[in-house]
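Under our numbering, the first residue of the sequence shown is numbered 1, with each subsequent residue one higher.
A short write-up of the structure that comes next.
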Amino acid sequence: MSQDLKGQLMHLMAGNITCQDLIELITEYLEGSMSFSERVRFQIHLGFCQGCRNYLSQMKTTIRTIGKLPAEPIPDEVRDELLKRFRTWKKG
Ligand SMILES: [Zn+2]
Numbered sequence: 001m002s003q004d005l006k007g008q009l010m011h012l013m014a015g016n017i018t019c020q021d022l023i024e025l026i027t028e029y030l031e032g033s034m035s036f037s038e039r040v041r042f043q044i045h046l047g048f049c050q051g052c053r054n055y056l057s058q059m060k061t062t063i064r065t066i067g068k069l070p071a072e073p074i075p076d077e078v079r080d081e082l083l084k085r086f087r088t089w090k091k092g
C-alpha cells in the first residue's frame with residue numbers, strides 16, 4: 001500500500017471507532033477527561049450506532065442511580081453471556 005493511500009485511509013478511519021473502543025472510552029467521555037479529537041470520534045460513532053447510544057444512556061442512568069461511575073462498566077451482551085454461563089454452571 002502506498003503511503004499516500006495509507007494516509008487517506010487513516011484520515012477516513014479517524015472518524016471511526018469500534019463499539020469496543022467506545023465502551024473503553026465511555027468513562028473518560030462521561031468524566032469529561034477526553035481530548036477534543038477523541039470526543040469528536042466518540043460522537044460520530046454515537047451518531048450511527050444505536051447500540052452505543054443505548055449503552056451511553058444506560059451508563060448515565062447508572063451514574064444517576066449510584067451517584068458515580070461504576071468501577072467496571074460491563075456491556076449488556078457480556079453481562080448476559082456471563083449470566084447464561086452462570087445458570088449453566090448451576091445446572092451442571
Ligand atoms: Zn457502537
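Virtual Cβ for every residue (Gly too), placed ideally from N, Cα, C.
I'd like the list of long-range same chain contacts for residue i, defined as Cβ closer than 7 angstroms, with 5 residues on each side in sequence excluded.
i, result
"residue 70", "62"
"residue 19", "49, 51, 52"
"residue 40", "none"
Rounded to whole angstroms, how far is the Cβ of residue i from the Cβ of residue j, which I believe are closer than 8 angstroms?
i, j, result
"residue 52", "residue 22", "5 angstroms"
"residue 25", "residue 38", "6 angstroms"
Measuring only from the beta carbon, is residue i closer than 8 angstroms to any heavy atom that is part of ligand 1?
i, result
"residue 51", "yes"
"residue 18", "yes"
"residue 30", "no"
"residue 69", "no"
"residue 22", "yes"
Helix or strand or just coil, what does DSSP make of residue i?
i, result
"residue 54", "helix"
"residue 94", "Outside the modelled stretch of the chain, which goes from 1 to 92, sits residue 94, for which no answer is possible."
"residue 17", "coil"
"residue 34", "coil"
"residue 47", "helix"
"residue 92", "Unreliable placement is indicated for residue 92, whose pLDDT of 49 sits below 50; no coordinate value is reported for it."
Report yes if the C-beta distance between residue i and residue j is below 9 angstroms; otherwise report no.
i, j, result
"residue 17", "residue 42", "yes"
"residue 58", "residue 76", "yes"
Does residue i get closer than 9 angstroms to chain B when you measure Cβ to Cβ?
i, result
"residue 63", "The structure shown contains no chain B; it is built from a single protein chain."
Near residue i, which residues of its chain fall below 6 angstroms by C-beta distance, leaving aside the five closest residues on each side in sequence?
i, result
"residue 46", "52, 53"
Using a Cβ-Cβ cut-off of 8 angstroms (strictly less than) and excluding sequence neighbours within five positions of residue i, which residues of its own chain qualify?
i, result
"residue 31", "69"
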